[in-house]
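Here the protein sequences come in this chain order: A and B. Residues in the first sequence are numbered consecutively from 0, following numbering that gives the first Met the number 0. Residues in the second sequence are numbered consecutively from 0, following numbering that gives the first Met the number 0. Note that the Cβ used here is the ideal one computed from N, Cα and C, for glycine as well.
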Amino acid sequence: MRWILFRRRLADIVALCFAGLATAFGLACLASILWTTISKGGAAIGPALFTEMTPPPGAEGGLANAFYGSAVMVLLALAIGTPIGLAAGVYLAEQGRHTRLAAAVRFVNDILLSAPSIVVGLFVYELVVRPSGHFSGFAGSLALAIILVPMVVRTSDEALRLVPDRMREAAFALGLPRWKVTARILMKAAMNGILTGVLLGLARIAGETAPLLFTALNNQFWSASLDRPLANVPVVIFQYAMSPYNQWHALAWAGALVLTAFVLALSLLVRLAARKGRHG
Amino acid sequence: MTAAVLSPARARPAGFSRDALFGLVTWGAAWLVLLLLLAIAVAMAWGGRLAFATFGPGFLTSMAWDPASGRFGALVAIYGTLASSAIALLIAAPVSLGIALFLTDIAPPRVRGPIGIAIELLAAVPSIIYGMWGLFVLAPFMATHVEPWLSDHLGLAPLIGPIFSGPPIGIGMLTAGLVLGIMIVPFIAAVARDVFAAVPAPLKEAAVALGATRWEILRRVTLPHTRSAIVGAIFLGLGRALGETMAVTFVLGNAHDLSASLLMPGNSIAAAIANEFTEADTALYRSALIALAFLLFVVTFLVLAAAKLMLRRIDRTLGKAH
Chain A
0 MRWILFRRRL ADIVALCFAG LATAFGLACL ASILWTTISK GGAAIGPALF TEMTPPPGAE
60 GGLANAFYGS AVMVLLALAI GTPIGLAAGV YLAEQGRHTR LAAAVRFVND ILLSAPSIVV
120 GLFVYELVVR PSGHFSGFAG SLALAIILVP MVVRTSDEAL RLVPDRMREA AFALGLPRWK
180 VTARILMKAA MNGILTGVLL GLARIAGETA PLLFTALNNQ FWSASLDRPL ANVPVVIFQY
240 AMSPYNQWHA LAWAGALVLT AFVLALSLLV RLAARKGRHG
Chain B
0 MTAAVLSPAR ARPAGFSRDA LFGLVTWGAA WLVLLLLLAI AVAMAWGGRL AFATFGPGFL
60 TSMAWDPASG RFGALVAIYG TLASSAIALL IAAPVSLGIA LFLTDIAPPR VRGPIGIAIE
120 LLAAVPSIIY GMWGLFVLAP FMATHVEPWL SDHLGLAPLI GPIFSGPPIG IGMLTAGLVL
180 GIMIVPFIAA VARDVFAAVP APLKEAAVAL GATRWEILRR VTLPHTRSAI VGAIFLGLGR
240 ALGETMAVTF VLGNAHDLSA SLLMPGNSIA AAIANEFTEA DTALYRSALI ALAFLLFVVT
300 FLVLAAAKLM LRRIDRTLGK AH
């Protein structure tokens with residue numbers, strides 16, 4: 000009898016210890032990743048990083064053109080992806096909430112949300128790069144927008160469905176047309192949720208590398224044209240980290256630090272704001 | 000007809016047409032999402048048609064990968080994708096469940112929020128950062144501490160010996176699987192935490208009243224109650240792991256050899272595409288890589304669709320019916 004009790008207690012303690020260790024393992028990985036990027040990337044952080052171009056092997060330089068290219072492509076992707084995602088989200092939550100089309104779109108959207116991003120890159124390559132004959136910043140933006148759309152669809156659908164039906168009824172009772180009810184009242188009420196989705200999407204596409212490899216490619220020089228290959232932070236990090244040159248490694252780590260700091264700070268702020276909004 | 004009757008009648012068609020336009024735009028956007036998935040699948044099949052036509056079904060079972068002579072087979076890449084994802088799941092599934100248990104039952108309420116957010120941030124770290132961390136931190140650690148021990152203690156064992164033999168170079172299937180596992184932990188843990196927290200309190204209270212320990216509550220009450228969602232979450236993680244590119248590309252070693260040892264470099268579908276597509280100089284080479292992407296897309300679609308079906312059941316029981 001006592002033996003059975005002992006065994007049950009032991010199993011319990013082992014399980015609890017494992018749960019604690021698993022959590023510690025996850026936190027240790029995050030800490031190690033942060034510590035590595037800060038300790039290896041901190042040294043190369045300086046004004047030159049943001050003012051000078053990506054250097055050839057063996058020379059000093061910065062990542063100015065890559066930061067610029069990434070910013071342009073991400074903003075253009077937001078400009079393309081947000082309206083499409085929002086419109087589809089409105090359809091799912093308002094126009095056709097219980098239709099068969101909405102069910103199918105939700106199903107497919109959740110799959111797109113986790114679909115391999117490298118396949119999206121190849122898709123845009125087949126769609127834009129091959130017919131036009133050259134890599135371009137526009138193709139990169141399009142690939143990022145395709146990755147953004149499902150995130151916006153999902154969050155705007157969920158945010159709009161959280162708006163109480165009383166609000167819809169009150170607005171329709173005033174005789175407002177449907178588009179006005181949706182655009183002026185429901186979207187305003189769901190704005191926090193929609194914004195959360197867009198900002199988390201921004202954080203995700205800012206670090207996406209795989210879809211840019213065959214679309215925007217890379218450019219060692221300053222280029223503002225969206226019709227030509229465009230330098231961008233993730234691909235530069237990839238190429239420099241895989242190279243044998245120490246200076247390139249240092250720049251890759253500096254880029255990694257800036258990218259990680261941006262993405263994590265954005266995700267953290269958005270999550271904290273969303274949490275506060277939920278409790279407040 | 001008087002003007003008083005006409006004006007609302009005029010106002011209505013104007014309002015109606017804007018409504019119709021608004022409805023049409025949102026309807027079109029919804030269809031666009033649907034067609035996007037189809038278009039990606041069709042584009043990959045179309046791009047890979049040359050490889051499929053040239054090699055036929057043998058493409059799937061051939062180990063050849065020789066750009067010079069134009070012979071391509073998918074087996075090495077398929078094996079690498081499946082093996083690294085399997086290792087990732089073996090690591091991520093128990094760790095995620097442990098984290099979910101810790102966050103719902105064990106941790107003091109005050110630290111649950113911060114720890115939960117920290118685990119969520121693991122999902123926000125860009126995959127290229129995981130790749131660099133894997134190459135410069137994890138791979139040397141594996142090479143000096145873990146892999147020598149594995150090949151010394153397990154390398155000569157019967158049956159499993161060949162899996163753990165080979166030079167401890169740190170780069171290979173095991174390291175790639177470990178990085179993938181860490182990457183998918185937050186996705187599985189997030190779902191598991193939510194469904195653990197949603198188990199009806201009376202069920203747990205009944206178990207407590209019978210004298211069950213926390214482990215027994217998890218084993219006999221929580222896990223059976225949430226089984227389909229947990230399996231769905233694991234499939235979700237599998238779908239992520241199968242298609243993950245950058246992290247794997249850094250630590251897999253890009254070798255087109257089939258090796259039983261997990262310590263040897265290998266290749267995966269995503270890593271092969273990332274490494275070779277811009278250098279592919281013949282139409283057949285490019286087509287073979289796109290054919291690989293088609294296979295990857297189909298497999299991840301099936302895995303994610305299964306995950307979604309299993310998770311939908313739990314959504315319904317939680318009252319989040321779509």
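Judged by DSSP in its simplified three-state form, A/ARG227 adopts coil rather than helix or strand.
Within the segment 110-128 of chain B, contact with chain A at the beta-carbon level (separation under 8 Å) is assigned to GLY112, ILE114, ILE116, ALA117, ILE118, GLU119, LEU120, LEU121, ALA123, VAL124, PRO125, SER126, ILE127 and ILE128. In the DSSP secondary-structure assignment, B/ARG70 is bridged to B/ASP65. Against chain A, the CB of B/MET172 has no partner CB under 8 Å away; the residue lies outside that interface. Taking a Cβ-Cβ cut-off of 8 Å, the neighbours of B/THR277 in chain A comprise LEU212, PHE213 and LEU216, given in sequence order. The segment 105-158 of chain A contains no complete beta strand (DSSP E) run of 3 or more residues. For the segment 8-22 of chain A, the residues whose beta carbon sits under 8 Å from a beta carbon of chain B are, in order, ARG8, ALA10, ASP11, VAL13, ALA14, LEU15, PHE17, ALA18, GLY19, LEU20, ALA21 and THR22. Contact of A/PHE237 with chain B is assigned, a C-beta pair being separated by under 8 Å.
Apart from the 5 residues on each side of it in sequence, B/ALA40 sits with its Cβ closer than 7 Å to the Cβ of PHE296 in its chain, given in chain order.
By the rule that beta-carbons nearer than 8 Å mark a contact, B/ARG48 does not touch chain A.
Contact annotation for A/ALA251 against chain B: MET131 [CB-CB distance below 8 Å, chain order]. Interface annotation, B/VAL184: in contact with chain A, CB-CB separation under 8 Å. Here B/HIS255 is buried. Its C-beta has 16 or more other C-beta atoms within 10 Å. In the three-state reduction of the DSSP assignment, B/HIS152 falls in the helix class.
Below 8 Å, enough C-beta pairs join the segment 148-164 of chain A and the segment 102-116 of chain A to call them touching: three or more. Taking a cut-off of 8 Å on C-beta distances, the segment 284-296 of chain B touches the segment 37-54 of chain B, as three or more cross pairs fall below it. Rounded to whole angstroms, A/LEU126 and B/ALA42 show a C-alpha spacing of 8 Å.
In this structure, the beta-carbon distance from A/GLY206 to B/VAL184 does not fall below 8 Å. Straight-line measurement puts the Cα of B/MET182 at about 49 Å from the Cα of B/SER16. In this chain, the alpha helix (DSSP H) harbouring A/GLN238 covers 232-240. Taking CB atoms only, B/LYS307 has a neighbour in chain A less than 8 Å away. For the pair A/THR195 and A/VAL269, the CB atoms are nearer than the 8 Å cut-off. Taking the Cα of B/MET131 as reference, the smallest distance to any Cα among B/ALA232, B/LEU179, B/ASP18 and B/ALA73 is reached at B/LEU179. When the Cα atoms are used, B/LEU291 and A/VAL197 turn out to be separated by approximately 32 Å. The beta carbons of A/ASN64 and B/VAL32 sit no closer together than 8 Å. In the structure shown, B/ASP256 adopts coil according to DSSP, grouped into three states. Residues of chain B with a Cβ closer than 7 Å to the Cβ of A/GLU125 are, in chain order, ALA42 and GLY46. The beta carbon of A/ILE117 sits closer than 8 Å to some beta carbon of chain B. Shown here, B/MET309 sits in a helix according to DSSP, grouped into three states.
A/PHE237 has its alpha-carbon roughly 24 Å from the corresponding atom of B/ALA82.
Distance from the Cα of A/ALA23 is smallest, within the candidate group B/LEU100, B/THR80 and B/ARG70, for B/LEU100. From the listed residues A/ILE110, A/TYR90 and A/LEU62, the smallest Cα separation to B/ARG311 is found for A/ILE110. Only residues of its own chain outside the window of five on either side were considered, and among them VAL119, GLY120, VAL123, PRO210 and THR214 have a CB closer than 6 Å to the CB of A/ALA142, listed in chain order. Here DSSP, grouped into helix, strand and coil, assigns A/GLU51 to coil. Residue contact check for A/ARG270 against chain B: a CB pair falls below 8 Å. Contact between A/GLY132 and A/GLU157 is ruled out by a C-beta separation of about 41 Å, above the 8 Å threshold.
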